[in-house]
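J.: Before we start, here is the structure in question, set down as structure tokens.
Residue numbers (our numbering): 76 to 520.
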């Protein structure tokens, strides 16, 4: 099965090469990432007698979730070296920004045996930590063969993913056999992993690291910068449309316009933060076509910033710093069948949160927030007129500050009640760090 997987993976890679070339990935600004994924031009690194932890985060969400883990690692094991890989360009930029003490930040290799072996030989890691559910067969198998201990951290698996993996249950069981430990967010997630063949003795339910969210000094400074530059204050309550996907910007703008047309002393303002950087320009065109006064975060500060009705947050890794300035946060990816984005960061800021009906990517979290009346979720029936349904919720919250406050307080309470995942996670991860050894690296040396 692993041979078949590598064959199909190679065919898919070859099929995508023209796309890479057209988009400029091979010859343009992303060339460094492309060739690093082929295991060339890796960051300089000289292995020594110290242990090396390889932390893999797919993108921005996983990198943010890993913050408390990295902080704890540096605190308890200051001599352990840390290397971090990401899959996406946005994840790479954020990792370099927030993990400045890492010994190396690089792109994860394409999933062939030879590329993984080159990376293992270069860095000689003693422990591979995979955030959430990045199940690359050769990455995990070759690391294990090189005697690199392997742990899945903050693991999760939706019902939809489980059904896909179940079609390859034999392969998944074999793959899971390579893990030393699987630290999973919820019991439901753990049951799915075990149903696919993960040994129960390896599985521990440790909670969601994103509940251990904390604001950094850098983010506090950025929040102040946003407040001053864009003139954000209580007289013009800010609505944030966070991590939006197409066509959610259009729906949010239409809803916002309806709220602006309703007579009120405190006219709201809107900040839109698209989920993917490649859509920044598309979102800009949509906002421009709306006829509303707007500005971009990426442009030089100007007088228009403080009076703009709409702000486009076309930057990477800055959304967390904007949440404290909001009164209402709509979390995107939830009005379409994408399955939603995380609600935990605005919850940590104590904000009134609205989502659409499609939140299966974070099913357990959303259910707990709904049970605690800490979230407003639009029903599927509301999708008949999305902008009108959103406008109704926006206007109701703008008119009732006590309701906004209650939602935000309950959201923060849910966050506080679920803290502690980092303690449970590190309790199980620490023995792997202490026991990891480099004896197997002779295999690829």
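Cβ atoms here follow ideal geometry from the backbone N, Cα and C, with glycine treated the same way.
1) Looking only at C-alpha atoms, which of 218, 124, 205, 340 sits nearest to residue 195?
2) Secondary structure at residue 320, three-state DSSP: helix, strand or coil?
3) Taking 8 Å as the CB-CB limit, is residue 286 close to chain D?
4) Using 8 Å as the cut-off, can you tell me whether the region 325-343 makes contact with the region 306-313, which would need three or more C-beta pairs spanning the two stretches below that distance?
5) Between 81, 201, 164, 132, which lies nearest to residue 189 when the distance is taken from Cα to Cα?
6) Specify the secondary structure class of residue 266 as computed by DSSP and reduced to three states.
7) Between which two residues does the beta strand (DSSP E) harbouring residue 430 extend?
8) Name the DSSP beta bridge partners of residue 349, please?
9) For a test of the three-state rule: what should DSSP assign to residue 206, helix, strand or coil?
10) Going by the beta-carbon positions, is the gap between residue 349 and residue 384 smaller than 8 Å?
11) Would you report the Cα separation of residue 101 and residue 92, rounded to the nearest angstrom?
12) May I have the straight-line CA-CA distance separating residue 214 from residue 363, to the nearest angstrom?
13) Assuming residue 317 and residue 405 form a contact by the criterion Cβ under 8 Å, report the distance between their Cβ atoms to the nearest whole angstrom.
14) Count the other C-beta atoms from every protein chain shown that fall within 10 angstroms of the C-beta of residue 262, then say buried if there are 16 or more, exposed otherwise.
15) Starting from the N-terminal side, write out each stretch of the alpha helix (DSSP H) that is 4 residues or longer and does not extend beyond the region 169-227.
16) Following the continuous beta strand (DSSP E) through residue 278, name the residue where it begins and the one where it ends.
17) Classify residue 498: buried if its beta carbon has 16 or more other beta carbons within 10 angstroms, exposed otherwise.
18) Quick one: is residue 415 buried, meaning 16 or more other Cβ sit within 10 Å of its Cβ, or exposed?
19) Which runs of the beta strand (DSSP E) spanning at least 3 residues fall entirely within the region 144-168, listed in chain order?
20) Can you list, in chain order, the residues of its chain whose CB lies under 6 Å from that of residue 236, leaving out five sequence neighbours each side?
21) Please report the distance separating the alpha-carbon of residue 272 from that of residue 249.
22) Which partner residues does residue 369 have in the DSSP bridge list?
23) Confirm, please, whether the CB-CB distance from residue 410 to residue 461 is below 8 Å.
24) With DSSP as the reference, identify every bridge partner of residue 127, one or two as the case may be.
25) What's the C-alpha gap between residue 508 and residue 500?
26) Excluding five sequence neighbours on each side, which residues of the same chain lie with their C-beta closer than 7 Å to the C-beta of residue 400?
27) Considering just the uninterrupted stretch of the alpha helix (DSSP H) at residue 286, what are its terminal residues?
28) Pull up the distance between the alpha-carbon of residue 157 and that of residue 186, whole angstroms please.
29) Entirely within the region 403-458 and at least 4 residues each: give me those alpha helix (DSSP H) ranges in chain order.
30) Can you tell me which of 387, 128, 328 puts its alpha carbon nearest to the alpha carbon of residue 201?
31) Can you tell me the Cα-Cα spacing of residue 145 and residue 205, whole angstroms?
32) Helix or strand or just coil, what does DSSP make of residue 332?
T.: This is what the structure holds:
1) Comparing Cα positions, the closest option is 218.
2) Coil.
3) Among the chains of the structure shown, chain D does not appear; only one protein chain is present.
4) As far as the Cβ criterion goes, the region 325-343 touches the region 306-313, which means the pair count is three or higher.
5) Nearest of 81, 201, 164, 132 to residue 189, Cα basis: 81.
6) Assigned with DSSP and collapsed to three states, residue 266 falls in helix.
7) Unbroken beta strand (DSSP E) run through residue 430: 427-430.
8) DSSP, once it has assigned bridges, lists 319 as partnering residue 349.
9) Residue 206 falls in the strand class under three-state DSSP.
10) In terms of Cβ geometry, residue 349 and residue 384 do not form a close pair [threshold 8 Å].
11) Per-residue confidence for residue 101 stands at a pLDDT of 49, beneath the threshold of 50, marking its modelled position as unreliable; the derived number appears in the next sentence. Separation of residue 101 and residue 92 (C-alpha to C-alpha, rounded to the nearest whole angstrom) is 8 Å.
12) Cα-Cα distance, rounded: 44 Å.
13) Between residue 405 and residue 317 the Cβ distance is about 7 Å, and since that is below 8 Å, they are a contact.
14) Residue 262 should be labelled exposed.
15) Taking only runs of at least 4 residues, the alpha helix (DSSP H) segments lying wholly in the region 169-227 are 188-198, 212-220.
16) Annotation: the continuous beta strand (DSSP E) that includes residue 278 extends over 278-280.
17) A residue is called buried when at least 16 other Cβ atoms come within 10 angstroms of its Cβ; residue 498 does not meet this threshold and is exposed.
18) Residue 415 is buried by the Cβ-count criterion.
19) Taken in chain order, the unbroken stretches of beta strand (DSSP E) that lie wholly in the region 144-168 and span 3 residues or more are 156-161.
20) The answer is none, since no qualifying residue turns up.
21) Rounded to the nearest whole angstrom, the CA to CA distance from residue 272 to residue 249 is 8 Å.
22) Answer by DSSP bridge pairing, in chain order: 385.
23) In this structure, the beta-carbon distance from residue 461 to residue 410 falls below 8 Å.
24) 156.
25) Cα to Cα, the separation comes out at about 12 Å.
26) Contacts found: 298, 301, 302, 307, 313.
27) In the DSSP annotation of this structure, residue 286 is not part of any alpha helix (DSSP H), being labelled neither H nor E.
28) Their Cα atoms are separated by approximately 21 Å.
29) Those alpha helix (DSSP H) runs which fall completely within the region 403-458 and span 4+ residues are 419-423, 438-446.
30) Of the candidates 387, 128, 328, the residue whose Cα lies closest to the Cα of residue 201 is 128.
31) Approximately 13 Å between the Cα atoms of the pair.
32) Here DSSP, grouped into helix, strand and coil, assigns residue 332 to helix.
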